[in-house]
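Here's the structure, in structure tokens; my notes come after.
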Amino acid sequence: MNNESFALPSIALLQQHYFSGEANNGSSYTTDFPGVPLRPFNYTGTPPNNTMVSNGTKTVVIPYNTRVQVVLQETSILGAESHPLHLHGFNFFVVGQGFGNFNESSDPIKFNLVDPVERNTVAVPSGGWVAIRFLADNPGVWLMHCHFDVHLSWGLRMAWIVEDGELPNQKLPPPPKDLPKC
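Just so you know, the sequence shown maps onto residues 1 to 182 in UniProt numbering.
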């Protein structure tokens, strides 16, 4: 996603997040996942020869109770196909979808903000895009990934870190006291 292939860490992200408190404090993940592709191109046309994909355990950090919008754009890099993308920890609203490249100027005005469908998995159409929205009100580390197993092995996944809120019921509960140390 966004030219980043997600590499699974040797220690669970949730453990790293809870025990280290922040990335790069003894953690193997970083919080510099790009918000947009670093090298835009015609996603539904002929792909460039080098898409500059990097590998790493990059995450997105979201403050508690943030309203999040994500546009999932299918590409033709390895051939056009529909991708069933699943978000752990949340349901989201599918506010828009279309074919071709997402147009930031004209597509959002067509979003369904009245009665969008609610899902936790959505099929990004072959040669198209889907726009989703969710409220980040569940603290922890949550994966978003393609449901095709081979695509998981290629790194078609990412992790969201939702920070704790201020109230006790808005905080990640501590791990069990008998959790083995890594």
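Beta carbons: idealized from backbone N, C-alpha and C, even for Gly.
What first and last residue would you give for the beta strand (DSSP E) that runs through residue i?
| i | result |
| --- | --- |
| residue 92 | 92-99 |
| residue 72 | 66-73 |
| residue 134 | 128-136 |
| residue 121 | 121-124 |
| residue 39 | No beta strand (DSSP E) contains residue 39, which DSSP labels as neither H nor E. |
| residue 84 | 83-87 |
Given this structure, state the Cα-to-Cα distance separating residue i from residue j, to the nearest angstrom.
| i | j | result |
| --- | --- | --- |
| residue 143 | residue 121 | 12 angstroms |
| residue 75 | residue 113 | 26 angstroms |
| residue 70 | residue 176 | 33 angstroms |
| residue 39 | residue 173 | 39 angstroms |
| residue 163 | residue 137 | 9 angstroms |
| residue 66 | residue 135 | 6 angstroms |
| residue 104 | residue 133 | 15 angstroms |
| residue 5 | residue 30 | 13 angstroms |
| residue 117 | residue 160 | 22 angstroms |
With a threshold of 16 other CB atoms inside 10 Å of the CB of residue i, please say whether the residue is buried or exposed.
| i | result |
| --- | --- |
| residue 12 | exposed |
| residue 23 | Residue confidence for residue 23 is low, a pLDDT of 48 falling below 50, so the modelled location carries little weight and cannot support an answer. |
| residue 179 | exposed |
| residue 109 | exposed |
| residue 42 | exposed |
| residue 181 | exposed |
| residue 34 | exposed |
| residue 63 | exposed |
| residue 101 | buried |
| residue 99 | exposed |
| residue 87 | buried |
May I ask you to list the residues that DSSP assigns as paired with residue i?
| i | result |
| --- | --- |
| residue 6 | 56 |
| residue 141 | 161 |
| residue 117 | 94 |
| residue 62 | 162 |
| residue 30 | 58 |
What residue range is occupied by the uninterrupted alpha helix (DSSP H) comprising residue i?
| i | result |
| --- | --- |
| residue 17 | 13-20 |
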